[in-house]
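If you use our numbering, the sequence shown corresponds to residues 405 to 808, in order.
For glycine and all other residues, C-beta sits at the position ideal for the given N, C-alpha and C.
Below: one structure, written as structure tokens.
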Amino acid sequence: MTRTEYRWLLPSALADELPGDRGRSRRTVRDWAVDITAFLCAAGFGMIALAAIEADPTTPDGVVLADSLIGAVSCCALWVRRRWPAGVAVGLTALSLVEPVAAGAMLIGLFSLAVHRPYKRVALVGAGALVVAPVQPMLRPDPEASLLASTVIGVLLVLLVLSWGMVVRSRRQLVVTLRERARRAEAEAALRAEQAQRLAREAIAREMHDVLAHRLTLLSVHAGALEFRPDAPPAEVARAAGVIRDSAHEALQDLREIIGVLRAPGDSDEGNRPQPTLVTLDALIDESRSAGMEVTLANRVEEPSRAPAATGRTVYRIAQEALTNARKHAPGAPVDVSVAGGPGDGLTIEVGNPAPAGPFEPVPGSGQGLIGLTERASLAGGSLDHGPRPDGGFTVKAQLPWPA
């Protein structure tokens with residue numbers, strides 16, 4: 405059932421709180437039904453009181469006529485009680501002080517006041533109505549009822565309608581509060597979903613940068629070697645071409661996997677290549693060496709296979725990005741990679757290289773790789789530092805947790 409389908413079942417005070425209906429004050433179908441019923445009840449109560457007045461032979465005809473007109477005006481005043489509940493309730497209370505025919509309209513006015521206005525205002529007008537309850541029988545006594553009986557009935561009726569109205573108001577406020585909470589929960593859920601999508605996109609972008617940058621720099625290095633050494637021996641040309649072919653194939657495979665995650669994030673990972681860990685760090689070093697880099701690895705972790713998968717993957721990505729940066733910004737310089745640590749002590753990885761020995765054509769870079777590494781280390785619960793060395797080289801050092 406949509407909002408427009410059930411709005412007519414709600415009072416206008418609640419229907420105006422629906423999304424898209426703010427500022428509307430028109431009566432709903434339910435309001436018309438309630439207003440007509442209230443008018444008929446007030447008119448019926450007034451006719452009963454008027455019949456009792458007419459039954460008294462001492463009542464002048466002019467008084468009966470005045471009571472009839474005042475009773476009709478009181479009932480008609482109920483049609484504006486939603487707009488001015490306090491004014492209508494006060495006026496009908498004052499009028500019922502001398503007019504028994506307005507008592508029914510007064511009770512309905514008090515009920516509307518309790519529904520639409522806060523407790524303090526209701527208490528003030530209700531106190532006046534309780535004062536009227538014993539005064540009106542004294543000014544216009546009922547020949548068929550005693551003063552005590554009329555007073556008790558009047559007080560009970562006033563307390564009843566005020567209590568009923570405050571209960572209805574409390575229930576409506578509860579509904580409005582629950583509805584607002586539901587809206588807030590929906591907004592928060594949408595915000596969490598948006599944040600999750602943003603984090604997923606950032607993670608995929610970071611993974612794509614880490615993987616593809618490494619592959620593409622290998623392609624760039626070997627393509628540059630073939631360009632500047634056209635007279636290289638056929639065996640060296642064939643080796644470089646093989647590395648280019650393998651790197652391109654690996655880059656395409658990595659790109660397919662990332663696009664596959666984007667297209668079907670809910671599918672199982674079965675059939676995908678295993679994620680890199682601390683154990684596969686040796687393969688990364690060998691791959692860099694085959695590309696012509698001089699890399700020295702000092703792996704002082706006794707059992708790399710016991711390292712947590714997330715921590716090992718972070719170490720691998722840090723080493724991969726650091727090697728990529730060294731290949732781009734310090735070609736030909738030796739690179740030292742050091743990994744140490746164990747359960748309870750954490751893992752420390754340090755990758756450093758001296759300044760390049762000769763001139764080279766700089767490769768433009770945005771620094772996003774180091775920013776991504778810092779974020780990756782922070783997400784893993786560790787920290788990462790990087791910066792130039794006194795000899796003109798560069799060092800990347802990260803510390804990651806390894807629970808005991």
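Grouping DSSP H, G and I as helix and E and B as strand, with all else coil, what is Val800?
Three-state DSSP puts Val800 in a strand.
Exposure of Trp436, with buried meaning 16 or more beta-carbon neighbours within 10 Å: Here Trp436 is exposed, its C-beta having fewer than 16 other C-beta atoms within 10 Å.
Original post:
Counting Cβ pairs, one atom from each stretch, are 3 or more of them under 8 Å apart for the region 505–523 and the region 474–483?
Top reply: In short, these stretches touch, since the Cβ pair count reaches three.
On the DSSP bridge list, what partners appear for Ile775?
Per DSSP, none; premise fails for Ile775.
With 16 other Cβ atoms within 10 Å as the buried cut-off, status of Arg710:
Under the 10 Å beta carbon count, Arg710 is surrounded by fewer than 16 other beta carbons and is classified as exposed.
Checklist entry - Gly748 by DSSP, collapsed to three states: which one? => result Three-state result, Gly748: coil.
To the nearest angstrom, how far is it from the Cα of Ser550 to the Cα of Asp439?
-> For Ser550 and Asp439, the distance between alpha carbons rounds to 33 Å.
(message) Given this structure, state the Cα-to-Cα distance separating Arg430 from Leu454, to the nearest angstrom.
(response) If I take the Cα positions, the gap works out to 34 Å.
*Going by beta carbon distance, what residues of the same chain come within less than 7 Å of Ala808, once the five residues before and after it are set aside?*
Close CB contacts of Ala808 within its chain, under the 7 Å cut and outside five residues either way in sequence, are with Pro747 and Gly748 (chain order).
Which residues does DSSP pair with Gly785 in a beta bridge?
-> Beta-bridge pairing links Gly785 to no other residue.
Discussion item. For Lys801, tell me which candidate among Ile452, Ala723, Ala537 and Pro758 has the shortest Cα-Cα distance.
Written reply: Nearest option by C-alpha distance: Ala723.
Output the boundary residues of the alpha helix (DSSP H) element that contains Ala437. It spans Val433 to Ala459 - the alpha helix (DSSP H) in which Ala437 sits, taken as one unbroken run.
Residues near Arg544 in its chain [Cβ-Cβ closer than 7 Å; skip 5 each side]:
Cβ neighbours of Arg544 beyond the five flanking positions: Val502 and Pro504.
Of the choices Asn729, Glu779, Ile775 and Arg583, whose alpha-carbon is the least far from that of Ala759? Considering only Asn729, Glu779, Ile775 and Arg583, the residue with the shortest C-alpha distance to Ala759 is Asn729.
Mapping DSSP to helix, strand and coil, what is Ser472? Ser472: helix per DSSP, three-state reduction.
Go ahead and pull the three-state DSSP assignment for Ser554.
It is helical.
Margin query: Between the alpha carbons of Arg585 and Gln599, how many angstroms are there, rounded?
Written below: Note on geometry: alpha-carbon atoms of Arg585 and Gln599 lie some 20 Å from one another.
- Task: Find the nearest neighbour of Glu647 within the set Leu656, Ala636, Ala627 and Gln657, judged by alpha-carbon distance.
- Result: Per the sequence presented here, residue 647 reads as Val, with Glu not at that position. Closest option to Val647, Cα to Cα, is Ala627.
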